[in-house]
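All remarks here apply to the structure that follows.
Chains as they are written, first to last, in my numbering: chain A, 30 to 795; chain B, -3 to 366.
Here's what the structure looks like:
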């Protein structure tokens, strides 16, 4: 085995890492468009990938190879992966047709679970299989024994980091999913090609033929118009005969434009957001005029999202309005609207009074020197941790700071004019109470969309139909719907009484940045649409608290303690699983908290994720290269466990004394986050290779010739690691963080890691 | 001084008494049961019943609830779960139901109990239509109370709406009888999925009905509502024959029932089999319930539908959910002048006199006086 082969092998590991993250990212995005995703479905989809990786890794580890240095099998796996990726993209797009679901229909969490399970099977499974297989193969090539595991982990992680950066910054904005998938296939084929000549079996020759086929066909498809054509064809099938006139991706979202007769509808990740030329007239008129007419003479207006397509047009009717600041995080949306403009949108985007800002709304409100008469929050109710940041107490305080003395904040929330279910009540009460904590006065106009208007000035509670109508006439504004009769109907005390009466017995915690309850309530409500059978689970989950979680952890600990009698080494997999779980939650917490401080900026998020993964890669590399010098691995492992426990606890202190930390200079907080992410990745990265080594040493098979044991061990431990991460991802984002809150979440992790440390005491020392 | 024995007795009985009281409170809040009309006992031994209220014709074993979730077999008898247990009671303008040719600018006392015998994927009131009355918080409101509340709120009519009123048939029927005796009109918004016999009985007390003619082929009804078209057409014809004022709502869903051929076919059928005077509301659809990833109806599609209706000879085609559109107005079929100008539910101008056009004197179809 020469060095050249080893280098080619290592580069193929990089490509495997790259291919994995690219496939995961692209398929996740495709499925979000398919399913109109929220935080729960994101967790479930990622979870399905992770599950298949775990299964693939496990089976890959147990795979019995009779042939030595089975590079042929390795190449076949890579080829299979590179074919399955574009096929999975196609499958995602035609999935609704295959299952007979109308393309416009949303689906519940259970269909999302089994469809993501099915779609991600080939790519996830093969990727996991490749990892453990590569560990054994590396060992066979280099004879480095358990160090192979750490090294392969490092190389793949390195490839993952590069792939993650490339896919988000280079691939997605400029290429479609098929071009990306076929590009990965081409890259894989080239790498395979270099590995083949050193090999003369029948399998090798077969691999050579297939590699050439992949190479040539992917090259042709990319250079010619083939990939583009497949892409357009699959879009046509996905949207089932709708006239798709535009399909573009930005880092933030996928924007599709459908034309029907003379109407354009702009879809964001499969959900229609703006319709032109005729908007929902009732909505835009009420959302603009109720707040503006509640002001004597509105001059400066801030619109956070949702302005184009009619809302801003209504605001422009006021001659007293001198300035409208319109903030959208993604420039792509407005660029697309400009491309397919209609009279209203032309007016809106060209009027000198309108200033467009492309950045995160939370950053904008921190930085703007302007004070506003009216702020309109044009976002739908929170469906991700990210969007929840616009419905929290801290955000409302931020708005209060940029409002004039008599300024008004207005937002809409799902409502009803017939009946309030428990879930709808919880959602409304949560946001209403949070608003009430910050603003002294409020007005609710109940509707299918409830309009909430809040202010610190008493004036708002004195609005009446006559007053608003008077002002409408004074401003000489023409509207289709707003008339005295309409105002009397909408502001009738009958509706107010019914609304507050419906909600009177409900109590909920506030919606806060670090305790995103609002998100949970909205997902629980949304779940009713598609999976009402899961209602009870959400209902019970609502009352989870720290004590019940701690009790649960104790029960798990005791169960594993009992299991240890039969499976002596179980404390190691338990430690790895809990670390996998914790690592996922740390990443979620730190990324999410960073967004609270700094807002959602895509290149920052990329940097943070890279730092985390970089920590993991470097951790595993350092440990692996120092294996020679480490004799008491178990002790080192225990020390790492203590470090992770301490880390969790320090995170808890950090969030508990958040106000103190917030007073630091911005740049220091920034560095702190990067450091914490790196450290959490690093500690996770160290554990995995050590765990493998301990396990192998315990089995007395550190001998590098025993490739089977290497495979089995890494297979088992990797799948356990991933399973922990899967549970963390699904439960963490959806239930634990929104319900427990972040500080309590950190305590939970500290106790969990403490329990795994205690269990480690039972590990048999030879 | 009480004895030790008495003390223990009281200490044990008090919590028990409290528990019983709690139970009583709960049963007060739970729906009251009323034996249903229009069903047959199939098997005395097995206690199965056959519900004959709607075309679903559910056969129910003991303890089983029907497809509508609002009728239950309890020990061989069929009961209506939503009787006197409305989950929604509101005062709405009659235009909201929608009724454009019935008592404009009057209020309608609107009620509903939970449940529905269809499963439309675009239902606006899914929160109460796709659940059972046992799952909603209801107020105990016997028929007399409803009529009394209607009068207190100065409503000229009672509307049986929001969910599908067929599944609280008995409640609707009894309330309607009392309403008539007090000079209050009965209006209803229904999917039309009801059998002929109960419909004919109900028609004696109904003054106006708005039927959702959701699409004009069975494929649409099968795919999006899990139902059939024919029973709905029969219902419309029977209502008209019975002298009930009928208005039709067609929610136009892009890509599903917006086809010119289908709309033409529908308008021609209405003209021929029901009458030119039947108002048809072509309503703009917005993403709703399970249909979340769809564009709203283009206004041009609704305008086209309205043109088709006029061409087919229908007198009162309307466009709904497009506030301020001229299609919301009522025009005289004779002289074409604007009779009633509307914006949403609000009347801006009314040029009717005693049910006739102020300009040319032509009779205008509808209910213009109590």
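In this text, a Cβ means the ideal position worked out from N, Cα and C, and glycines have one as well. Everything numeric in this text was worked out from a predicted model, so none of it was measured.
Task: Distance CB(residue 267 (chain A))-CB(residue 122 (chain A)) smaller than 8 Å - done: yes
Task: CB contact check: residue 286 (chain B) to chain A, cutoff 8 Å - done: yes
Task: Where residue 675 (chain A) falls, given that 16 or more other Cβ within 10 Å makes a residue buried - done: exposed
Task: chain B contact for residue 60 (chain A) (CB, 8 Å cutoff) - done: When Cβ-Cβ separations below 8 Å define contact, residue 60 (chain A) makes no contact with chain B.
- [ ] Measure from the C-beta of residue 80 (chain B) to each C-beta in chain A and report whether the shortest distance is under 8 Å.
- [x] no
- [ ] Return the CA-CA distance between residue 21 (chain B) and residue 134 (chain B), expressed in angstroms with no decimal places.
- [x] Note that residue 21 (chain B) scores a pLDDT of 30, beneath 50, so its modelled location is shaky; the value from the coordinates is reported in the next line. Rounded to the nearest whole angstrom, the C-alpha separation of residue 21 (chain B) and residue 134 (chain B) is 13 Å.
Open item on the list: From the DSSP secondary-structure annotation, give me the bridge partner or partners of residue 252 (chain B).
Closed with: Within the DSSP bridge table, the entry for residue 252 (chain B) names no partner.
Open item on the list: Just to confirm the assignment: which complete alpha helix (DSSP H) runs, minimum length 4, are found wholly within the stretch 162 to 195 of chain A?
Closed with: 176 to 195
Open item on the list: Tell me the residue span of the alpha helix (DSSP H) that contains residue 500 (chain A).
Closed with: 494 to 503
Task: Alpha-carbon spacing of residue 45 (chain A) relative to residue 104 (chain A), whole angstroms - done: 11 Å
Task: Own chain, CB closer than 8 Å to residue 703 (chain A), minus 5 neighbours either side, in chain order - done: 636, 637, 640
Open item on the list: For a test of the three-state rule: what should DSSP assign to residue 521 (chain A), helix, strand or coil?
Closed with: coil
Open item on the list: Quick check on DSSP: helix, strand or coil for residue 121 (chain B)?
Closed with: Reduced to three states, the DSSP call for residue 121 (chain B) is coil.
Task: Nearest to residue 243 (chain B) (by Cα), restricted to the options B:321, B:342, B:92 - done: B:92
Open item on the list: If contacts are defined as beta-carbon pairs under 8 Å, then residue 51 (chain B) and residue 245 (chain B) qualify, I think. What distance do you get, rounded to the angstrom?
Closed with: Wrong, their Cβ atoms sit about 20 Å apart, outside the cutoff.
TODO: Following the continuous beta strand (DSSP E) through residue 433 (chain A), name the residue where it begins and the one where it ends.
DONE: 432 to 443
Open item on the list: residue 31 (chain B) and residue 73 (chain B) - do their beta-carbons sit closer together than 8 Å?
Closed with: The answer is yes: Cβ separation under 8 Å.
TODO: From the DSSP output, read off the bridge partner residues of residue 272 (chain A).
DONE: A:288
Open item on the list: Can you check whether the C-beta of residue 409 (chain A) is within less than 8 Å of a C-beta belonging to chain B?
Closed with: no
Task: Proximal residues to residue 40 (chain A) (C-beta, below 7 Å), its chain only, five neighbours per side dropped - done: 220
TODO: Look up residue 134 (chain A) in the DSSP assignment and give the residues it is bridged to.
DONE: B:287
Task: Pairwise C-alpha distance: residue 779 (chain A) and residue 306 (chain A) - done: 55 Å
Task: Neighbouring residues, chain B, relative to residue 289 (chain A) (Cβ below 7 Å) - done: 250, 291, 294
Task: Residue ranges of each beta strand (DSSP E) within the stretch 134 to 161 of chain B, 3 or longer - done: 153 to 156
TODO: Select from the stretch 243 to 274 of chain A all residues with a C-beta closer than 9 Å to any C-beta belonging to chain B, and list them in chain order.
DONE: 269, 270, 271
Task: Closer than 8 Å to chain A by CB, residue 372 (chain B) - done: Here chain B covers residues -3 to 366 and nothing more, so residue 372 (chain B) does not appear.
Open item on the list: Would residue 348 (chain A) and residue 625 (chain A) qualify as a contact pair, given that the criterion is a beta-carbon distance under 8 Å?
Closed with: no
- [ ] Going by DSSP, name the residue or residues bridged to residue 1 (chain A).
- [x] Not covered by the structure: residue 1 (chain A). The range shown for chain A is 30 to 795.
Task: Proximal residues to residue 247 (chain B) (C-beta, below 6 Å), its chain only, five neighbours per side dropped - done: Only 279, 281 meet the Cβ criterion.
- [ ] Output the boundary residues of the beta strand (DSSP E) element that contains residue 792 (chain A).
- [x] Element bounds for residue 792 (chain A): n/a, residue is neither H nor E.
- [ ] Would you mind reading off the limits of the beta strand (DSSP E) that contains residue 277 (chain B)?
- [x] Counted as a single uninterrupted DSSP element, the beta strand (DSSP E) harbouring residue 277 (chain B) occupies residues 276 to 280.
TODO: Please state if the CB of residue 350 (chain B) and the CB of residue 336 (chain B) are separated by a distance shorter than 8 Å.
DONE: no
Task: Nearest candidate by alpha-carbon position, reference residue 431 (chain A), set A:320, A:408, A:440, A:399 - done: Considering only alpha carbons, the answer is A:399.
Task: Cα-Cα separation between residue 608 (chain A) and residue 669 (chain A), rounded to whole angstroms - done: 10 Å
Task: Presumed contact (8 Å Cβ cut-off) between residue 128 (chain B) and residue 80 (chain B), rounded CB distance - done: Not confirmed; about 15 Å, so no contact.
Open item on the list: For a quick check, are the C-beta atoms of residue 183 (chain A) and residue 650 (chain A) less than 8 Å apart?
Closed with: yes
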